[in-house]
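K.L.:
Numbering (our numbering), first residue to last: -10 to 137.
1) Since residue 223 sits in a beta bridge, which residues does DSSP pair it with?
2) Quick check on residue 101: does DSSP put it in helix, strand or coil?
3) Among residues of its own chain, excluding the 5 on either side of residue 33, which ones have a beta-carbon nearer than 7 Å to its beta-carbon?
4) So, under 8 Å CB-CB, residue 28 and residue 43 are touching, yes? Tell me the CB distance rounded to an integer number of Å.
5) Tell me the DSSP secondary structure of residue 38 in three-state form.
6) Kindly indicate which three-state DSSP category residue 19 falls into: helix, strand or coil?
7) Give me whichever residues DSSP pairs with residue 14 in a beta bridge.
8) Under 8 Å by Cβ, that's how I've got residue 135 and residue 25 pegged, so tell me the actual separation to the nearest angstrom.
9) Taking its Cβ as the centre, do 16 or more other Cβ atoms sit within 10 Å of residue 19, making it buried, or is it exposed?
10) State the CB to CB distance for the pair residue 105 and residue 114, rounded to an integer number of angstroms; the pair is presumed to be in contact (CB under 8 Å).
11) Give a yes or no on whether 8 Å exceeds the smallest Cβ distance from residue 22 to chain E.
12) Under a three-way DSSP split, which group does residue 132 fall into?
13) Using C-beta distances below 7 Å, list every residue in its chain close to residue 86, excluding the 5 sequence neighbours before and after it, in chain order.
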């Protein structure tokens, strides 16, 4: 029994080092290369069942978050705007909010901005969630699945 009592403080100390991503780690992971969109999932009625609503032109778009807090979304393969015959780039700024659990992306401060919840993030997967009001005519929850 004494051995267990001596071992318990060691376990507590070691467990202190096993924490979730810290704010600096979230930003470092976010800016470490380009993210590629592989899925766009929607839940239209809050039942927890998501359907893949990706348009072909949304797949494989590149999302780039830079250390100077600028943002680029590149239409890489198939273009959503048929009048565009080269890579379309949408740019803006980004910042982490709410203890780095939210990603705010601003394209135009007066018109176009998004406040995503970071559902999960690691070196190879980023899942962003966006919630909408029923009056917005958009799905109640959207998930953007990005990979590297």
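By construction, the Cβ of each residue, glycine as well, lies at the ideal position given by its N, Cα and C atoms. These figures come from a predicted structure and were not determined experimentally.
P.N.:
So, from the listed chains and residues:
1) No information on residue 223 is available, as it lies outside the stretch -10 to 137 that the chain covers here.
2) Collapsing the DSSP output to three states places residue 101 in a strand.
3) 128 and 129
4) 6 Å
5) coil
6) helix
7) Answer by DSSP bridge pairing: none, since residue 14 is not bridged.
8) 6 Å
9) Residue environment for residue 19: buried (at least 16 other C-beta atoms within 10 angstroms of its C-beta).
10) Wrong, their Cβ atoms sit about 14 Å apart, outside the cutoff.
11) The displayed structure is made up of one protein chain only, and chain E is not part of it.
12) strand
13) Taken in chain order, the residues that qualify are 93.
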